[in-house]
Amino acid sequence: MGKQLNMAQIITSAGPDPVAITTESVGKTIAGAKIMGQGNDLVLDTSSFYRPTQPGSYPIVLATYEIVCSKYPDATTGTAVRAFMQAAIGPGQEGLDQYGSIPLPKSFQAKLAAAVNAIS
């Protein structure tokens, strides 16, 4: 992470070793979230962010998320929202760790891409 701030290492119920906040440890936390819902109506269960089950997952993560419609009455708005979300889950992820944020793991980005690409 780019800022080099001192952070606590946390011992969790998922393993005996303290976990430092790193791109990898937070990536494991994000990857542990369950995506529920049907079709492109995705609901993210973030309870694992605070009670990790995978060793090496950092247990204190604040999620930033967007809520968007899958269909807009105005095609121009739908196109703009889709373009924004495509940028946010794609190129917008690059370099985030240099600014103290953690990029979405590639596997998580892939799960979101189908829903984002279906926005109209």
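Numbering of the sequence shown is given in the numbering used here, commencing with residue 3 and proceeding in unit increments.
Quick reminder that beta carbons are idealized off the backbone N, C-alpha and C, glycines included.
Keep in mind the model is a prediction, meaning the values are calculated, not measured.
| Asked | Found |
| --- | --- |
| With distances taken from CA atoms, which of Met87, Pro105, Tyr74 is nearest Lys30? | Pro105 |
| Would you tell me roughly how many angstroms separate the C-alpha atoms of Asp99 and Thr25, rounded to the nearest one? | 7 Å |
| What does the Cβ neighbour count give for Ser27, buried or exposed, with the cut at 16 atoms within 10 Å? | buried |
| How many Å lie between Ile12 and Val21 at the Cα? | 5 Å |
| Report, in whole angstroms, the separation of the C-beta atoms of Pro61 and Thr14, which I expect to be a contact under 8 Å. | 5 Å |
| So, do the segment 105 to 122 and the segment 86 to 97 have three or more beta carbon pairs nearer to each other than 8 Å? | yes |
| Taking Cβ positions, are Leu46 and Ala33 nearer each other than 8 Å? | no |
| Whole alpha helix (DSSP H) runs in the segment 71 to 112 with 4 or more residues, listed along the chain? | 77 to 91 |
| Could you have a look at Gly29 and say whether DSSP puts it in helix, strand or coil? | helix |
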